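Below is one structure; the comments refer to it alone.
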Amino acid sequence: MRDYANHTTNRAPDRDVAITDIKTCVVEGNFEWNLITIETDAGVTGIGEAYRGGGVPEIVEYTKRFLIGENPLDVERLFRRIIQEMSGHGGTTGKVVTAASGIEFALWDVAGKVLDVPIYQLLGGKFRDEVRIYADVHAGEAYQVEDGFTEYADEDAYTPEAYADAAAQVVDMGFTALKFDLDLPMDNDPDPYNGRVSNAAIQYKVDIVEAVREEIGDDVDLAFDCHWDYATESAKRLATKLEPYDLMWLEDPIPPENMRAQKEVTRSTSTPIATGENRFRVHELSELIYDHGVDIVTPDPSTVGGLAETKRIADRAEEQYMPLSPHNVTSPIGTMAMVHLGAAIPNFDVLEFHALEVDWWDDLHTRDEPLIEDGYIEVPETPGLGIELDESVAREHCLEGTDCF
Ligand code: MG
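For the sequence shown, counting from 1, position 146 maps to 146 in this note's numbering; every step adds exactly one.
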């Protein structure tokens with residue numbers, strides 16, 4: 001049988017390291033942030049973060065039975081070991097891959113600290129000194145996640161003026177790229193299930209896009225997310241109507257499972273179409289990339305399989321001259337891991353920041369300055385991740401009923 005346990009014996013003494021413990025902490029931000037620490041007998045602790053959602057800390061806990069004692073410097077082998085050990089119980093996709101992604105981030109932090117280099121160096125070196133960030137912006141109270149599920153505001157929160165005002169505020173903060181949600185409660189008229197968008201609802205979306213574009217001008221990059229809501233024909237009608245506004249992208253206008261439908265929408269319009277955040281591992285993105293079923297590929301490194309797996313996806317996209325812009329709703333820990341990735345891949349464009357409303361976001365790390373300055377994050381030069389978690393702040397915001405580390 002194929003066995004990803006450690007079969008090597010040759011290792012310099014200073015790199016003969018073992019994992020001694022793995023711990024989790026769920027921090028309640030605007031999303032539930034699944035933080036993971038990996039302790040070692042080298043006196044080094046690494047930190048990572050897996051995408052939000054129930055069950056992930058339990059899976060991380062489960063991996064301790066085969067990861068403790070392993071050498072954390074074998075990042076790629078240990079990722080495969082997690083998939084293999086759990087392949088009979090969901091290991092090839094879904095939450096197991098999400099948990100493995102957060103563990104993989106922490107392993108890179110350990111490796112960087114042990115080897116005394118930043119993570120980006122281990123990923124092949126850097127293309128850029130700072131990584132451009134796009135702000136996920138909401139009009140009024142639109143689209144909140146409450147207790148882990150989606151809460152919509154009243155319809156009058158979603159006026160074109162509210163979108164334009166929110167856009168102006170975020171551009172004033174220095175961001176050069178923004179994304180809004182374009183799925184609205186009034187899409188559900190006359191039917192909440194069939195995905196068809198009426199002419200009136202499409203025109204309302206066009207009015208929103210026009211109001212934002214007029215407010216911020218042509219030089220700020222602008223994207224809209226539809227959260228997998230529409231029938232193929234409605235998605236095509238919407239994307240075509242939005243062509244005059246030169247969007248950075250239109251994201252997930254149709255549900256994510258059907259690649260043929262995805263290709264049909266993408267090829268029907270000059271509006272760039274983005275998708276990828278629902279997919280796991282390189283296998284679920286390769287066909288879409290090779291068949292040009294997407295224009296901008298947007299996997300989430302904290303759920304798709306970690307930094308190295310996202311780099312493999314980026315390599316395939318680069319072959320097709322396609323940019324990659326990671327989806328991201330993590331704390332500063334996961335975000336900084338993705339900054340190293342953004343530094344290390346040539347076809348990186350922008351990284352998502354989805355925590356404008358969390359005023360203690362920067363308290364969660366120990367660096368004195370805010371991570372984001374004028375819409376960019378500087379790529380750290382210190383070993384590993386380049387920031388540490390402030391555990392006291394993490395504990396203050398620990399999810400009720402759970403233990404933090
Ligand atoms: Mg999205």
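Glycine included, each C-beta is placed from N, C-alpha and C at the ideal position.
On a predicted model such as this, the values are computed, not experimentally measured, just so you know.
Three-state secondary structure (DSSP) of residue i
{"i": "residue 132", "result": "strand"}
{"i": "residue 303", "result": "helix"}
{"i": "residue 200", "result": "helix"}
{"i": "residue 321", "result": "coil"}
{"i": "residue 348", "result": "strand"}
{"i": "residue 284", "result": "helix"}
{"i": "residue 384", "result": "strand"}
{"i": "residue 181", "result": "strand"}
{"i": "residue 335", "result": "helix"}
{"i": "residue 254", "result": "coil"}
{"i": "residue 261", "result": "helix"}
{"i": "residue 309", "result": "helix"}
{"i": "residue 89", "result": "helix"}
{"i": "residue 228", "result": "coil"}
{"i": "residue 373", "result": "strand"}
{"i": "residue 360", "result": "coil"}
{"i": "residue 206", "result": "helix"}
{"i": "residue 329", "result": "coil"}
{"i": "residue 7", "result": "coil"}
{"i": "residue 365", "result": "strand"}
{"i": "residue 137", "result": "strand"}
{"i": "residue 294", "result": "coil"}
Segment limits, alpha helix (DSSP H) that includes residue i
{"i": "residue 122", "result": "119-122"}
{"i": "residue 78", "result": "75-85"}
{"i": "residue 64", "result": "56-67"}
{"i": "residue 48", "result": "Careful: residue 48 lies outside any alpha helix (DSSP H), inside the beta strand (DSSP E) at 45-50."}
{"i": "residue 108", "result": "94-115"}
{"i": "residue 240", "result": "232-241"}
{"i": "residue 39", "result": "Note, residue 39: premise wrong, no alpha helix (DSSP H); beta strand (DSSP E) at 32-40."}
{"i": "residue 406", "result": "Any property of residue 406 remains undetermined from this structure, which presents the chain solely from 1 to 405."}
{"i": "residue 157", "result": "Neither: residue 157 is in no alpha helix (DSSP H) and is coded neither H nor E."}
Residue interval of the beta strand (DSSP E) (run including residue i)
{"i": "residue 353", "result": "351-353"}
{"i": "residue 224", "result": "221-225"}
{"i": "residue 26", "result": "19-28"}
{"i": "residue 376", "result": "376-378"}
{"i": "residue 274", "result": "273-275"}
Whether residue i touches residue j by CB criterion (8 Å)
{"i": "residue 133", "j": "residue 321", "result": "no"}
{"i": "residue 304", "j": "residue 131", "result": "no"}
{"i": "residue 79", "j": "residue 106", "result": "no"}
{"i": "residue 234", "j": "residue 196", "result": "yes"}
{"i": "residue 227", "j": "residue 183", "result": "yes"}
{"i": "residue 224", "j": "residue 180", "result": "yes"}
{"i": "residue 310", "j": "residue 269", "result": "no"}
{"i": "residue 333", "j": "residue 324", "result": "no"}
{"i": "residue 379", "j": "residue 62", "result": "no"}
{"i": "residue 349", "j": "residue 366", "result": "no"}
{"i": "residue 44", "j": "residue 110", "result": "yes"}
{"i": "residue 357", "j": "residue 30", "result": "yes"}
{"i": "residue 18", "j": "residue 3", "result": "no"}
{"i": "residue 103", "j": "residue 69", "result": "no"}
{"i": "residue 383", "j": "residue 192", "result": "no"}
{"i": "residue 137", "j": "residue 164", "result": "no"}
8 Å contact criterion, which residue i and residue j should meet: CB distance rounded
{"i": "residue 81", "j": "residue 5", "result": "7 Å"}
{"i": "residue 274", "j": "residue 294", "result": "7 Å"}
{"i": "residue 393", "j": "residue 363", "result": "5 Å"}
{"i": "residue 245", "j": "residue 213", "result": "5 Å"}
{"i": "residue 265", "j": "residue 236", "result": "6 Å"}
{"i": "residue 26", "j": "residue 402", "result": "5 Å"}
{"i": "residue 22", "j": "residue 38", "result": "5 Å"}
{"i": "residue 127", "j": "residue 337", "result": "Not quite, the Cβ-Cβ distance comes to about 17 Å (not below 8 Å), so this is no contact."}
{"i": "residue 112", "j": "residue 385", "result": "7 Å"}
{"i": "residue 232", "j": "residue 254", "result": "6 Å"}
{"i": "residue 326", "j": "residue 299", "result": "7 Å"}
{"i": "residue 139", "j": "residue 248", "result": "Residue 139 to residue 248, Cβ: 18 Å. No contact."}
Counted within 10 angstroms of its Cβ, other Cβ atoms place residue i as buried (16 or more) or exposed
{"i": "residue 302", "result": "buried"}
{"i": "residue 370", "result": "exposed"}
{"i": "residue 381", "result": "exposed"}
{"i": "residue 11", "result": "exposed"}
{"i": "residue 200", "result": "exposed"}
{"i": "residue 52", "result": "buried"}
{"i": "residue 34", "result": "buried"}
{"i": "residue 15", "result": "exposed"}
{"i": "residue 9", "result": "exposed"}
{"i": "residue 129", "result": "exposed"}
{"i": "residue 13", "result": "exposed"}
{"i": "residue 317", "result": "buried"}
{"i": "residue 168", "result": "exposed"}
{"i": "residue 290", "result": "exposed"}
Proximity test, Cβ basis, 8 Å: residue i and chain B
{"i": "residue 171", "result": "No chain B appears in this structure, which consists of one protein chain only."}
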